[in-house]
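Participant: Numbering (our numbering), first residue to last: -8 to 414. Handing you this structure, nothing more for now.
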């Protein structure tokens, strides 16, 4: 009898514990759901507070940030907090009407609002952004005018500007930051500038990918053009231009970036060109028709990164990699009044390191200086003369620590004025 009673008591106590536990679980679930609802309400409130009322948005000054190093600093600040966007994403800044406080940062098509603008951007960076916007001296932090649109918080469906750049070394036409047409003369990546190779790269561009044609350039010779006009050059070229295909690319890769605000950018890039020497008129070839040297292939790969040693206005862009190119020999025979090209000898291939360091100064007196070694040593200087429309550029290459090959100059130098316009 006692045993039966004890069993009943144990069963009753167990049932009571289970019922109590169930009730506590239900209460806990209710509290968790209530907390989730409260959190959702708070998030909606914070979201509303973080955005500008569309009715008042036109009263808030908004501008596109174009100063290169300021853009790099903004990119780095957001990337260090796990935000991802394209390397060339456009940046728009919105401030209070008194231009004393930033209320929104938009990178690409994402607006981060006042909260992120205040927490992700350091105080000195926010100050520099507002200072550049109020500055009346170049380089301007804004795109020379405020963005005028009915809803300035919305990203334009299409870029509203075109950038054109032209000089003796090449030309480019870029539509916003997506598409473009690029042309350049010479093989700078090998250390052969301007007319020294007799080739030009004509490419279509989408973002950081360029692909197009390798075409011969008929300048740089001590001969008359078909019209009888002397083609001006400082040094007669020793190479003939090839026909073929070319391309280049540079892909940003966050994984290989050094985790520091001083290294805001890292990428893998490369260039290639493949072609041959086609038939052409006599006045377009070098003198020795039995030894027509020409570059028939180029392959390069590199790792690139930016280093900010002055957060505000100075940085270095470094490329480290390898380079391969082939110099072939053709022989010209006249057939039906036009040269037909045959093989004139064995091609020679070269594998070299690629080291390229560019110093960029974005102070009032903007300029860039580049040193590069890849078979030849090459220096490039670039500086604004009438900001931001007219600039000067000079290139110098030299053979060092060896004798020049038959197709190489001991040194080669050329300079140009360039013109740049934004529409």
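For every residue, glycine included, the Cβ atom is placed at its ideal position computed from N, Cα and C. These numbers come from a predicted model, not from an experiment.
Would you list the residues sitting across from residue 279 in a DSSP beta bridge?
Facilitator: Bridge partners of residue 279: none, in fact.
Participant: At which residues does the beta strand (DSSP E) containing residue 404 begin and terminate?
Facilitator: That run of the beta strand (DSSP E) goes 402 to 413.
Participant: Checking 7 Å against the spacing of the C-beta atoms, do residue 408 and residue 383 come in under that value?
Facilitator: Result yes, Cβ atoms of residue 408 and residue 383 sit closer than 7 Å.
Participant: Can you tell me where the beta strand (DSSP E) holding residue 64 begins and where it ends?
Facilitator: Residue 64 -> not in any beta strand (DSSP E); alpha helix (DSSP H) instead, spanning 59 to 70.
Participant: Would you give the residue range spanned by the beta strand (DSSP E) that residue 262 belongs to?
Facilitator: Run containing residue 262: 256 to 267, per the beta strand (DSSP E) assignment.
Participant: Given residue 394, which residues of its chain have a CB within under 8 Å of its CB, disregarding the five upstream and five downstream residues?
Facilitator: So the list is empty, once near-sequence residues are dropped.
Participant: Please report the residue range of the alpha helix (DSSP H) in which residue 108 lies.
Facilitator: Start and end: 104 to 111.
Participant: Please tell me whether, using a cut-off of 6 Å, the distance from the CB of residue 403 to the nearest non-hydrogen atom of the ligand SAM is below it.
Facilitator: As presented, the structure is devoid of all ligands, the ligand SAM included, so that no description of it is given.
Participant: Using CA coordinates, which residue listed in 332, 160, 370, 341 is at the minimum distance from residue 349?
Facilitator: Among 332, 160, 370, 341, the Cα nearest to that of residue 349 belongs to 370.
Participant: Can you round the beta-carbon distance between residue 108 and residue 122 to whole angstroms, since I take them to be within the 8 Å contact cut?
Facilitator: Incorrect: roughly 16 Å between the Cβ atoms, too far for contact.
Participant: Name the residue from 78, 77, 155 whose alpha carbon lies nearest to the alpha carbon of residue 410.
Facilitator: Ranking 78, 77, 155 by Cα distance to residue 410 puts 155 first.
Participant: Answer with buried or exposed for residue 412, where buried requires no fewer than 16 other C-beta atoms within 10 angstroms of its C-beta.
Facilitator: Classification for residue 412: exposed.
Participant: Residue 291 and residue 314 look like a contact to me (Cβ under 8 Å); what is the Cβ gap, rounded to whole Å?
Facilitator: Correct: roughly 5 Å between the Cβ atoms.
Participant: So, at 6 Å on beta carbons, what are the nonlocal neighbours of residue 269 in its own chain, with the 5 sequence-adjacent residues on each side left out?
Facilitator: So the qualifying residues of the chain are 234.
Participant: With a 10 Å radius around its C-beta and 16 neighbouring C-beta atoms as the bar for buried, classify residue 306 as buried or exposed.
Facilitator: Flag for residue 306 reads buried.
Participant: What separation, rounded to the nearest whole angstrom, lies between the Cα atoms of residue 266 and residue 177?
Facilitator: Cα to Cα, the separation comes out at about 15 Å.
Participant: Spatial neighbours of residue 324 within its chain, please: C-beta separation below 6 Å, excluding the five flanking residues on both sides.
Facilitator: 331, listed in sequence order.
Participant: In the DSSP assignment, what are the bridge partners of residue 370?
Facilitator: Looking at the DSSP assignment, residue 370 forms a beta bridge with 362, 387.
Participant: Thinking just about the alpha-carbon of each residue, which of 165, 343, 184 is nearest to the one in residue 194?
Facilitator: When only C-alpha atoms are compared, the closest one is 165.
Participant: Do you know offhand how far residue 26's Cα is from residue 312's?
Facilitator: Roughly 55 Å between the two C-alpha positions.
Participant: With burial defined as no fewer than 16 other Cβ atoms inside 10 Å of the residue's Cβ, what is the status of residue 60: buried or exposed?
Facilitator: Classification for residue 60: buried.
Participant: Could you check where the beta strand (DSSP E) with residue 237 kicks off and where it finishes?
Facilitator: 234 to 243 is the span of the beta strand (DSSP E), which, as asked, contains residue 237.
Participant: Leaving aside the five residues before and after residue 404 along the sequence, list all residues of the same chain whose C-beta is less than 6 Å from its C-beta, in chain order.
Facilitator: Contacts found: 387.
Participant: Do residue 238 and residue 263 have their CB atoms nearer than 7 Å?
Facilitator: It is a contact, given that the beta carbons lie within the stated cut-off.
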